[in-house]
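Take a look at the structure below.
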Ligand code: COA
Ligand code: ZN
């Protein structure tokens with residue numbers, strides 16, 4: 005079978021990255037980062053969350069951010085939508101093309117993250133899918149702790165496949181699988197991807213890696229070699245997960261970009277511009293970020309001073 009060697013990197017720094025940074029970025033700073041990201045050629049961005057503002061104060065400005073943001077033509081924006089209340093908010097946000105529903109494959113992590121059982125989350129997934137269809141928006145599902153749970157250990161592949169089947173049945177055709185605490189290895193990735201391809205050949209699979217053990221780029225490459233074409237990254241490697249002890253940030257988008265290009269996958273992205281965006285993120289969050297590839301672009305100046 006011919007497989008295109010193009011991969012899509014979805015930038016989730018403004019959501020998954022910022023939600024776990026200690027510094028709460030003012031809306032104006034998020035707009036500066038958004039502009040820096042636009043210069044990289046990124047086409048898919050997850051820009052905020054319609055979650056409870058007390059749960060994630062870093063993203064409490066979702067509506068204000070969207071009211072002030074400029075969306076370049078051709079970009080597709082998504083936002084997290086956890087429940088009906090979030091769906092009502094997202095339906096009013098014209099700039100949000102796609103709603104991301106998330107749940108965990110592991111009961112223990114789902115309880116810690118959203119205080120409900122996986123079964124109850126699946127009921128929520130049905131409500132969000134229905135609301136999205138009424139609002140004319142696309143949906144995607146993210147299955148957190150698809151490899152390892154911080155509380156329950158290894159997540160059985162069958163559990164992940166089962167949750168994926170249920171989401172697919174509810175209309176979620178694009179499904180991403182998260183290594184929430186960054187504990188997967190390439191062999192685990194291959195095993196899960198093959199099981200998912202067997203179970204759901206029609207689904208569009210994506211992978212969402214955190215880089216806690218430094219293995220996220222290797223894991224992403226393993227996923228791409230198995231045929232996955234959609235990968236999440238966070239510019240500079242911002243973030244972590246507030247409900248997953250020991251988790252560091254998402255893999256740096258620019259590190260994935262470098263590796264994929266080096267391995268013959270086209271990303272369509274401008275790597276020097278990504279290094280500028282990563283340095284911009286570093287300056288705004290006010291701490292050194294773990295991205296590695298941006299360090300090889302020391303000569304580039306940081307946008308915005
Ligand atoms: N946006 C804004 N407010 C919300 C909301 C949403 N999406 N969902 C619920 N609320 C409000 C309700 O209106 C209610 O307000 P009130 O007390 O003033 O009436 C209150 O929150 C409690 O509602 P309830 O339905 O009991 O929700 P909850 O407190 O169980 O919250 C979640 C459920 C999932 C919305 C919440 O736990 C959450 O947002 N968690 C964030 C999870 C997250 O983003 N994790 C990181 C992603 S990996
Ligand atoms: Zn994440």
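In my numbering, the protein residues as written are 5 to 309.
Glycine included, each C-beta is placed from N, C-alpha and C at the ideal position.
Note that the coordinates shown come from a computational prediction; the quantities given were computed from them, not determined experimentally.
How far does the alpha helix (DSSP H) with residue i in it extend, from its first residue to its last?
i, result
"residue 97", "Looking at the DSSP string, residue 97 is not in any alpha helix (DSSP H), and its letter there is neither H nor E."
"residue 128", "122–139"
"residue 194", "190–203"
"residue 227", "220–229"
"residue 31", "31–42"
"residue 260", "257–266"
"residue 173", "161–173"
"residue 208", "Element bounds for residue 208: not the alpha helix (DSSP H) but the beta strand (DSSP E), 208–213."
"residue 117", "111–118"
Within the continuous beta strand (DSSP E) that includes residue i, where are the two ends?
i, result
"residue 286", "From DSSP, residue 286 is part of no beta strand (DSSP E) but of the alpha helix (DSSP H) over 275–289."
"residue 147", "142–148"
"residue 48", "48–53"
"residue 20", "It is not in any beta strand (DSSP E) - residue 20 carries neither H nor E in the DSSP assignment."
"residue 102", "102–108"
"residue 318", "With the chain covering only 5 through 309, there is no way to say anything about residue 318."
"residue 236", "234–237"
Less than 8 angstroms between the CB of residue i and some heavy atom of the ligand COA, yes or no?
i, result
"residue 214", "no"
"residue 114", "no"
"residue 318", "Missing from the structure shown is residue 318; the chain here goes from 5 to 309 and no further."
"residue 273", "no"
"residue 120", "yes"
"residue 60", "yes"
"residue 89", "yes"
"residue 23", "yes"
"residue 20", "yes"
"residue 76", "no"
"residue 84", "yes"
Tell me whether residue i counts as near the ligand ZN, meaning its Cβ is closer than 8 angstroms to at least one heavy atom of that ligand.
i, result
"residue 152", "no"
"residue 254", "yes"
"residue 2", "Residue numbering for the chain in the displayed model covers 5 to 309; residue 2 lies beyond these limits and cannot be assessed."
"residue 164", "no"
"residue 184", "yes"
"residue 229", "no"
Exposed or buried, which one is residue i when buried takes at least 16 other CB atoms within 10 Å?
i, result
"residue 173", "exposed"
"residue 74", "exposed"
"residue 121", "exposed"
"residue 239", "buried"
"residue 8", "exposed"
"residue 309", "Its pLDDT being 49, under 50, residue 309 is placed unreliably in this model, and the coordinates cannot settle the point."
"residue 270", "exposed"
"residue 198", "exposed"
"residue 299", "exposed"
"residue 5", "With a pLDDT of 49 at residue 5, under the threshold of 50, the modelled position of this residue cannot be trusted, and the question is left open."
"residue 57", "exposed"
"residue 96", "exposed"
"residue 19", "buried"
"residue 119", "exposed"
"residue 144", "buried"
"residue 268", "exposed"
"residue 236", "buried"
"residue 26", "exposed"
"residue 141", "buried"
"residue 61", "exposed"
Given the structure, does residue i come close to the ligand FMN, in the sense that its CB is under 8 angstroms from one of the ligand's heavy atoms?
i, result
"residue 53", "With respect to small molecules bound, the structure shown includes the ligand COA and the ligand ZN and not the ligand FMN."
Please confirm whether residue i has its beta-carbon closer than 9 angstroms to some beta-carbon of chain C.
i, result
"residue 129", "Of the protein chains in the structure, only one exists, and it is not chain C."
Only counting runs of 3 or more residues, tell me where the beta strand (DSSP E) segments fall wholly within the region 70–95, in order along the chain. Whole beta strand (DSSP E) segments, 3+ residues: 80–84.
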